[in-house]
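Contents: one structure, followed by commentary.
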Amino acid sequence: MHDPNCLFCRIAKGEIPSRKVYEDEEVFAFHDIHPGAPVHFLMIPKKHVASLAQVSAEDAPLLGRMLALAPKLALEQGCNPYPEGGYRVVVNTGTEGGQEVHHLHLHVMGGPRPWLKG
Ligand code: 5GP
Ligand code: ZN
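For the sequence shown, the numbering used here gives the first residue as 8, with consecutive numbering after it.
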């Protein structure tokens with residue numbers, strides 16, 4: 008459930024500080040320490056799941072809930088509404104998928120990008 012050696016388990020527990028975006032019994036969301044967009048936060052299950060590749064059928068409702076929550080949190084954090092605004096929701100999976108922290112997380116990235124308008 009909780010892996011004491013896992014960075015994101017420790018962040019979810021508050022053992023390592025983060026800028027919290029959202030929390031409930033099963034989900035924790037916090038700002039990425041190296042934002043790659045004007046709005047960039049991460050959503051994680053509190054339960055330790057190493058990656059999308061380790062997700063089981065019993066995790067499906069939780070993942071669905073996280074995905075459904077992402078648009079609400081994105082707007083709260085300053086992303087503009089669909090369709091002119093929007094955001095990317097990305098799950099890097101495994102080394103060749105660009106995953107560096109091995110606790111499942113959704114990146115939510117968006118926010119105003121004036122250079123995209125034209
Ligand atoms: P990955 O490459 O695994 O998909 O993404 C990991 C993300 O976690 C990166 O965007 C990185 O900036 C972020 N990150 C790594 N360590 C920390 C940390 O200690 N605190 C926070 N808030 N984000 C972190
Ligand atoms: Zn973990």
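Where a beta carbon is used, it is the ideal one built from N, C-alpha and C, also for glycine.
If you compare the alpha carbons of 107, 30, 120 with that of residue 50, the shortest gap goes to 30. Beta-bridge partners of residue 37 (DSSP): 27, 49. Residue 24 and residue 15 have their C-alpha atoms some 10 Å from each other.
With contact defined as three or more Cβ pairs closer than 8 Å, the stretch 104–111 and the stretch 87–94 are not in contact. Distances from the CA of residue 112 to each of 57, 84, 78, 12 were compared; the closest alpha carbon is that of 57.
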